[in-house]
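*Asks:* Numbering-wise (the working numbering), the sequence shown opens with residue 85 and increments by one.
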Amino acid sequence: MKYYWRNSILMVLLIANLSSCSDNKSKSSTRNSLNIDIAGDVTTFDPQAMIDAYTFRVLSDMYEGLVDMDQANRPIPGMAEKWTVSPDGKTYIFNLRHDLKFSDGSPLTAHDFVYSWQRLASPKTAGYKFVIDHLSNAESVFAGKLPIDKLGITALDNYTLKVTLASPDPAFIAKCTTIFTSAVPQKIIAQYGESWALPQHVVSTGAYRLTKHIANGTIQMHKNDYFYDGNHVKIDNLNFIPYADRNAALAAYKTGDIDISANVPIDQYQQLKTQYPQELHTVKMEGITFYSLNTRIGKLQNKDLRQALSMVIDRDVLVNKILANGQTALYSYISASIEQNRYGNLNYDWQQLSYPERIKIAQQLYAKAGYNHNHPLELDLLYDNNDASRKVAIAIANMWESGLGVKTNLHSQEWKGYLAARKNGNFEVIRNSWGAAFNFITTYTPEYQCKSSVNVSDYCNNEYDNLITQADKEQNPHLQTKLYQQAIKLAMKEYAVIPLYQNSYTTLIKPYVHGLDIESNLLEDIRSKWISF
C-alpha cells in the first residue's frame with residue numbers, strides 16, 4: 085500500500101511538472117511583445133538631438149549607423165556591409181548594402197548619409213558633433229566658416245560613401261557605431277521641419293519603428309518590415325515604460341508586467357542579489373558620475389573653493405555605503421578602465437592621503453577662498469529625481485557641512501526639467517553623468533573643451549584645447565597617450581567638475597528572455613534585435 089501511494093504521488097507531481105513546463109513553453113511561444121522599463125521619458129526621436137541615456141536606449145532600437153556593434157561593443161557591419169581604409173588612415177570607403185530602406189519603405193542611399201552628417205555638422209544643429217570632428221574641414225563647418233558641403237563626406241554613387249579625415253582617428257569606426265551618425269530622412273525633414281521627429285511623422289532606419297508615444301507614458305514600437313536584417317529580429321513589438329519611481333518599476337517586474345528592468349532600487353539591491361541571483365546582472369560600465377560646477381557664477385570661479393568642495397567628499401562612503409552596487413570611487417576626469425587601463429594613473433595626488441588629512445587641506449583652501457563657519461558658503465545642488473541621485477546628494481551635502489560648514493540647498497527636478505536646467509546653465513552645482521559612447525579616451529575629452537556642447541560647467545582653458553588638438557593629430561601612439569594625459573591632468577587642476585565614481589549598471593532580466601550577454605556590454609549599449617523568447 086505504501087509503495088502504491090508513493091508512486092501515485094510521484095506520478096501526480098510528474099504530471100504537474102510536465103503541465104507547468106508545457107504551460108511555460110506555450111506562453112513563451114505566444115509572446116510577441118517585450119516590455120522594457122526605462123527610468124524616464126524620451127526627450128526626442130531625432131538621433132542627432134539626443135542628449136540623455138533613456139532616449140539613447142529607445143533610439144538604439146530605431147536607428148542604426150554605417151557600422152553596428154556586437155554585444156562586446158566591437159564594431160561589425162551595419163548599414164555598410166564592408167569598408168576599406170587608405171594606407172595613411174585618412175580615407176574611408178564604405179560600401180552600403182543594396183537593400184537599405186527607411187521605415188516608410190523609401191530607398192536609403194549613400195546620399196542620405198551625406199545629408200545626415202552635414203546636418204549634424206551644421207551650426208544650426210546642437211548635437212554631439214565630436215563623433216565627426218576628425219572629418220576634413222569639420223571645425224570650420226562647425227563654426228560656420230565654411231558651408232556644410234565642404235565637410236569631408238561624399239557619395240560616389242548610391243551605394244558608395246567616401247569619408248575623408250583631416251588626420252587619422254583610431255576611434256573613427258567606433259564613432260560610426262553611434263546613432264548620432266545614423267541616416268535621417270531628408271524628404272521628411274524638408275516637409276515637416278523640426279516636427280519631423282514627432283511620433284506621427286518620424287521615419288527611422290533600425291530594427292524597429294515607432295508606432296505610438298504617450299507623453300510620460302508608454303513608447304510602442306513594431307518590427308520594421310523594411311529593416312535589412314529583419315529575418316533575424318525575433319520579437320514583433322516593444323513597449324518602453326518610463327518608471328520614475330524605481331520601487332514601482334521593481335513591483336512591475338515582480339508581477340511580470342515588465343520583462344527587463346534597469347537601475348534597481350539601491351536599498352533593495354543586496355536583497356535582490358539573493359532573491360534573483362540568476363536574473364540580476366551588475367556590470368561596471370565605461371561611464372562616470374560627477375558634479376559640474378557652474379563657473380559662470382562668481383563664487384564658483386574661485387579654484388581654491390572648487391578644490392575644497394572636491395577634497396571633502398568621501399567617495400569610499402558613496403560607493404560602499406550609500407550606493408553599494410558595483411560603483412568604484414573616482415579621483416580622475418576619466419574612468420581608469422578606458423582603453424584597457426591606459427589612463428589609469430591620472431588620479432589626484434591627494435587620493436593617497438587619509439580622509440582627515442584631506443579635510444584639513446580642504447578647510448585651509450575654504451578659508452583662503454574667504455569662507456568659514458561664521459561666514460559659510462551657500463550652494464544650490466540640483467539633481468534628477470532618481471532615488472540614488474537623491475541619496476548621494478544628501479550624503480555629499482552632509483560631508484560639505486560637517487567638513488567645511490557649507491550650507492547646501494538641495495533641489496530635484498523631473499527628468500526633462502533637469503535636462504533643460506543642465507542645458508541652459510540654470511544651476512550652481514548639478515549632478516552629471518557621462519556614459520562612454522566608445523572605448524577610446526576621446527569619448528571623455530569633449531566634456532572639458534571650450535564651447536563643447538557637453539561642457540556643462542562652461543569652464544574654458546585654451547591650453548587644454550590645444551593639447552587635445554595636438555593629441556588628436558599625433559600618430560605616434562606613445563606620444564599621443566602622453567599628450568592626452570597631459571591635457572587631462574591640466575583640466576583636473578582647474579576643478580571645474582567633481583568626479584565621484586565610475587558607474588555600474590544593474591539589470592533584471594526574466595528567465596524567458598534570451599539572447600542578451602549583459603556582462604560583456606561595458607557601454608550599456610543594448611539592442612532589442614538581439615533578444616528572443
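We treat Cβ as the ideally placed atom computed from N, Cα and C, and that holds for glycine.
So is the beta-carbon of Y543 under 7 angstroms away from any non-hydrogen atom of the ligand FAD?
*Replies:* By its list of ligands, the structure shown contains no ligand whatsoever, and the ligand FAD lies outside what it can speak to.
*Asks:* Rounded to whole angstroms, what's the CA-CA distance from M95 to D601? Just pull it up for me.
*Replies:* Because the pLDDT at M95 is just 42, under 50, the model does not fix this residue reliably, and the point stays unresolved.
*Asks:* In terms of alpha-carbon separation, which member of L384, A575, H285 lies closest to A453?
*Replies:* The residue with the shortest Cα to Cα distance from A453 is L384.
*Asks:* Taking 8 angstroms as the threshold, find out whether the segment 598-614 comes into contact with the segment 157-164 through three or more Cβ pairs.
*Replies:* Touching, per the Cβ criterion.
*Asks:* Spell out a yes or no on whether the segment 537-545 and the segment 519-526 are touching, meaning 3 or more CB-CB pairs, one atom from each, closer than 8 angstroms.
*Replies:* Result no; under three Cβ-Cβ pairs closer than 8 angstroms.
*Asks:* I want to know whether the segment 203-214 touches the segment 329-339 - three or more CB-CB distances under 8 angstroms.
*Replies:* They do not touch, by the three-pair rule.
*Asks:* Could you tell me the boundaries of the beta strand (DSSP E) in which T358 lies?
*Replies:* Run containing T358: none in the beta strand (DSSP E); it sits in the alpha helix (DSSP H), 353-359.
*Asks:* Let me know if D233 comes out buried or exposed under the rule of 16 or more other beta-carbons within 10 Å of its beta-carbon.
*Replies:* Classification for D233: exposed.
*Asks:* Use the C-beta contact count for K259: other C-beta atoms within 10 angstroms, 16 or more gives buried, fewer gives exposed.
*Replies:* K259 is buried by the Cβ-count criterion.
*Asks:* Could you tell me which uninterrupted beta strand (DSSP E) segments, each at least 3 residues in length, are contained entirely in the segment 470-526, listed from first to last along the chain?
*Replies:* Entirely contained in the segment 470-526, the beta strand (DSSP E) runs reaching 3 residues are, in chain order, 491-497, 513-519.
*Asks:* Go ahead and label R611 buried or exposed: buried means 16 or more other beta carbons lie within 10 angstroms of its beta carbon, across all protein chains shown.
*Replies:* R611 is buried by the Cβ-count criterion.
*Asks:* Can the beta-carbon of A255 be found less than 8 angstroms from the beta-carbon of K613?
*Replies:* No, the pair does not count as a contact, with Cβ atoms beyond the cut-off.
*Asks:* With a 10 Å radius around its C-beta and 16 neighbouring C-beta atoms as the bar for buried, classify N458 as buried or exposed.
*Replies:* The residue is exposed, with fewer than 16 neighbouring Cβ atoms inside 10 Å.
*Asks:* DSSP puts D153 in a beta bridge; with which residues?
*Replies:* In the sequence as displayed, the identity of residue 153 is Met instead of Asp. Bridge partners of M153: P159.
*Asks:* For Y589 and N546, what's the separation of their Cα atoms in angstroms?
*Replies:* The alpha-carbon atoms of Y589 and N546 are separated by roughly 35 angstroms.
*Asks:* With 16 as the cutoff for other CB atoms within 10 Å, does C105 come out buried or exposed?
*Replies:* Confidence at C105 is low in this model, with a pLDDT of 45, below 50, so its placement is unreliable and no value can be given for it.
*Asks:* Whose C-beta lies closer than 7 angstroms to the C-beta of A281 among residues of the same chain, with five residues either side of it excluded?
*Replies:* For A281, where only same-chain residues beyond five positions count, the Cβ hits under 7 angstroms are T128, F129, D130.
*Asks:* Would you grab the beta carbon distance between A477 and R515 for me? Rounded to a whole angstrom, and I think it's under 8 angstroms.
*Replies:* Yes, A477 and R515 are in contact; Cβ-Cβ is about 7 angstroms, under 8 angstroms.
*Asks:* Would the segment 581-595 and the segment 360-375 be scored as touching if the rule is three or more Cβ pairs under 8 angstroms?
*Replies:* A contact exists between the segment 581-595 and the segment 360-375.
*Asks:* How long is the line joining the alpha carbons of N456 and V287, rounded to whole angstroms?
*Replies:* So the alpha carbons of these two residues sit roughly 57 angstroms apart.
*Asks:* Quick one, are the C-beta atoms of Y585 and L414 less than 8 angstroms apart?
*Replies:* Cβ atoms of Y585 and L414: closer than 8 angstroms.
*Asks:* May I ask you to verify whether the segment 389-407 touches the segment 479-499, counting CB pairs closer than 8 angstroms and requiring at least 3?
*Replies:* Yes: at least three Cβ pairs fall under 8 angstroms.
*Asks:* Looking only at its own chain, which residues have a Cβ that is under 8 angstroms from the Cβ of E423, when we skip the five neighbours before and after it?
*Replies:* Only N523, F524, I525 meet the Cβ criterion.
*Asks:* Decide yes or no for the touch test of the segment 345-352 against the segment 553-561: beta carbon pairs closer than 8 angstroms, at least 3 of them.
*Replies:* Output reads no: the segment 553-561 does not touch the segment 345-352.
*Asks:* What's the gap between the Cα of D468 and the Cα of G489?
*Replies:* In a straight line, the C-alpha of D468 is about 25 angstroms away from that of G489.
*Asks:* Buried or exposed for N550, going by 16 or more other Cβ atoms inside 10 Å?
*Replies:* That one is exposed.
*Asks:* In this structure, does DSSP put Y375 in helix, strand or coil?
*Replies:* Correct three-state label for Y375: strand.
*Asks:* To test your reading of the DSSP string, which unbroken beta strand (DSSP E) runs of 3 or more residues are found completely within the segment 183-262?
*Replies:* Here the runs fully enclosed are 237-241, 244-248.
*Asks:* Kindly indicate which three-state DSSP category R380 falls into: helix, strand or coil?
*Replies:* Coil at R380, not helix or strand.
*Asks:* Which of the three DSSP states, helix, strand or coil, is assigned to Y596?
*Replies:* Coil.
*Asks:* Counting beta carbon pairs with one atom in the segment 368-376 and one in the segment 497-515, are three or more of them shorter than 8 angstroms?
*Replies:* Yes: the two stretches touch, three or more of their Cβ pairs being nearer than 8 angstroms.
*Asks:* Per DSSP, R181 forms a beta bridge with which residues?
*Replies:* The partner list for R181 (beta bridge, DSSP) is empty, contrary to what the question assumes.
*Asks:* Taking only the alpha-carbon atoms, compute the straight-line gap between P583 and Y432 and give it to the nearest angstrom.
*Replies:* Looking at the two C-alpha atoms, the distance is approximately 10 angstroms.
*Asks:* Should the segment 225-245 be called in touch with the segment 305-322, which here means at least 3 C-beta pairs below 8 angstroms?
*Replies:* No, the segment 225-245 does not touch the segment 305-322.
*Asks:* Answer with buried or exposed for T262, where buried requires no fewer than 16 other C-beta atoms within 10 angstroms of its C-beta.
*Replies:* Buried is the call here.
*Asks:* Taking L294 as the reference, give the member of Y199, S266, S144 with the closest Cα.
*Replies:* It is S144 whose Cα lies nearest to the Cα of L294.
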